[in-house]
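*Asks:* Residue 153 in the working numbering sits at position 151 of the sequence shown; the count goes up by one each step and never skips.
Even glycine gets a Cβ: it sits at the ideal position worked out from N, Cα and C.
Given the structure is predicted, the values throughout are model-derived calculations rather than measurements.
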Amino acid sequence: MTKKQNEKRMFLTSGVSYFVIFFLAIYANFFVIEAIKNAPLEVVFSQSNIVERGIAALMLTVLFDVIVACTLYTLFKPNSLTIASTLFRLIHALFLAVATVSLVNSLSFHSEGLILDGINRFNSIWMLGLAFFGIHLILLSMIVPAPTSIRSFLFLGGLAYFIDTILHLTFSAYSDYAFSLLLFVAIPTVVGEFSLAVWFIKQGTQSKVAQ
Numbered sequence: 003m004t005k006k007q008n009e010k011r012m013f014l015t016s017g018v019s020y021f022v023i024f025f026l027a028i029y030a031n032f033f034v035i036e037a038i039k040n041a042p043l044e045v046v047f048s049q050s051n052i053v054e055r056g057i058a059a060l061m062l063t064v065l066f067d068v069i070v071a072c073t074l075y076t077l078f079k080p081n082s083l084t085i086a087s088t089l090f091r092l093i094h095a096l097f098l099a100v101a102t103v104s105l106v107n108s109l110s111f112h113s114e115g116l117i118l119d120g121i122n123r124f125n126s127i128w129m130l131g132l133a134f135f136g137i138h139l140i141l142l143s144m145i146v147p148a149p150t151s152i153r154s155f156l157f158l159g160g161l162a163y164f165i166d167t168i169l170h171l172t173f174s175a176y177s178d179y180a181f182s183l184l185l186f187v188a189i190p191t192v193v194g195e196f197s198l199a200v201w202f203i204k205q206g207t208q209s210k211v212a213q
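(1) Excluding the 5 residues preceding and the 5 following F90 in the sequence, name in chain order all residues of the same chain whose CB lies nearer than 6 Å to its CB.
(2) When the Cα of F24 is compared with those of L184, L60 and N8, which residue comes out closest?
(3) Can you find the residues in the same chain that come closer than 8 Å, C-beta to C-beta, to V53, ignoring five residues on each side of it along the sequence?
(4) For T102, collect the residues of the same chain with a Cβ closer than 8 Å to its Cβ; drop the 5 residues on either side in sequence, then sort them by chain order.
(5) Does the Cβ of F13 have 16 or more other Cβ atoms within 10 Å, making it buried, or fewer, making it exposed?
(6) Taking Y20 as part of the alpha helix (DSSP H), name the residues at either end of that continuous run.
(7) Given that a residue counts as buried once 16 or more other Cβ atoms are within 10 Å of its Cβ, and exposed if not, what is T73?
(8) Are the CB atoms of I145 and T88 within a distance shorter than 7 Å?
(9) I'd like the ranges of any alpha helix (DSSP H) spanning at least 4 consecutive residues and lying wholly in the region 110-162.
(10) Going by CA-CA distance only, name the one from E114, V70 and Y75 that's closest to F21.
(11) Please report the residue range of the alpha helix (DSSP H) in which A58 lies.
(12) Take L130 as the anchor and find which of L141, H112 and D166 has the nearest alpha-carbon.
(13) If you draw a straight line from the C-alpha of Y29 to the C-alpha of S177, how long is it?
(14) Taking the continuous alpha helix (DSSP H) assigned at S108, which residues delimit it?
(15) Using only the alpha-carbon positions, how far apart do A199 and I127 sit?
(16) Assign T191 to buried or exposed, taking buried as 16 or more other Cβ atoms, counted over all protein chains shown, within 10 Å of its Cβ.
(17) Give every residue of the same chain whose Cβ lies closer than 6 Å to the Cβ of S143, excluding the five residues on either side of it in the sequence, and list them in chain order.
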């Protein structure tokens, strides 16, 4: 396999993995976790297949996050910021893995309150990880040779993740503004990362690769 062919394979792997992460994370967070929050005991003990799929989705998200970190490192390792960017993404994956294990342990309790406490703990641990992910996105915006618009959204998304985590830790009325803050984070990150995934796939399928 030539260097160009390997680069195209790395770009394609990155793009496809990004889309897999999107769908897995959305399914786990907005369908499974929300279902458990709305009816903890019923879902955990009467609809265990839903819980199992949610946990599997979270663990696969960790796996594909590591895959993306590795492919991005391979593609952009000549850049001096790449090692730091990769490490921050891997730290995020580690936080998500720890959060998922914590969630699994809490789902064995036959108490609605303890299950909900476990979900809150899962969210808090992952929230810390997202601060590192935000730094990764900021660095990635300075590394990837994508169009300026994509890089700008990546930078804004990374900054939004970091600010959101700080507010979650320090702002006592965070829950009152949770939906607004969700949009504050979601809009730039979804646009930026979705566009980046498309750009990666384009790089992996076209004849000329951006440098």
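*Replies:* According to the structure data:
(1) Taking the sequence shown and counting its residues from 1, one reaches residue 90 at position 88. Counting only Cβ-Cβ distances below 6 Å, and skipping sequence neighbours, we find F134, I137 and H138.
(2) The residue given as residue 24 occupies position 22 in the sequence shown. With distances taken between Cα atoms, F24 lies closest to L60.
(3) The count along the sequence shown starts at 1 and reaches residue 53 at position 51. Contacts found: V34, I38, V45, V46 and L109.
(4) Reading the sequence shown from its first residue, position 100 is the one you call residue 102. Excluding residues within five positions, the ones whose Cβ falls inside 8 Å are I57, L60, M61, V64 and F124.
(5) The residue you call residue 13 lines up with position 11 of the sequence shown. F13 comes out buried.
(6) Here residue 20 is taken as the residue at index 18 of the sequence shown, counted from 1. Y20 -> alpha helix (DSSP H) spans K5 to Y29.
(7) As a first step, residue 73 must be located in the sequence shown, where it is residue number 71. Buried, since its Cβ has 16 or more Cβ neighbours within 10 Å.
(8) What you label residue 88 is simply residue 86 of the sequence shown in a count that begins at 1. What you label residue 145 is simply residue 143 of the sequence shown in a count that begins at 1. Taking 7 Å as the Cβ cut-off, T88 and I145 do not qualify as a contacting pair.
(9) 114-145
(10) Mapped onto the sequence shown, residue 21 falls at position 19. Considering only alpha carbons, the answer is V70.
(11) Along the sequence shown, one-based indexing puts residue 58 at 56. Where A58 is concerned, the enclosing alpha helix (DSSP H) stretches over S50 to F78.
(12) Translated into the one-based positions of the sequence shown, residue 130 becomes position 128. Minimum Cα distance to L130 is reached at D166.
(13) As a working note, residue 29 is residue 27 in the sequence shown. As a working note, residue 177 is residue 175 in the sequence shown. Distance between the alpha carbons of Y29 and S177: 22 Å.
(14) Taking the sequence shown and counting its residues from 1, one reaches residue 108 at position 106. Unbroken alpha helix (DSSP H) run through S108: T84 to S108.
(15) As a first step, residue 199 is located in the sequence shown; it is residue number 197 there, counting from the start. As a first step, residue 127 is located in the sequence shown; it is residue number 125 there, counting from the start. When rounded, the distance between both Cα atoms is 26 Å.
(16) Within the sequence shown, residue 191 is the residue found at index 189, counting from 1. Classification of T191: buried, given that the 10 Å Cβ count is 16 or more.
(17) One-based indexing of the sequence shown puts residue 143 at position 141. So the qualifying residues of the chain are R153, L156 and F157.
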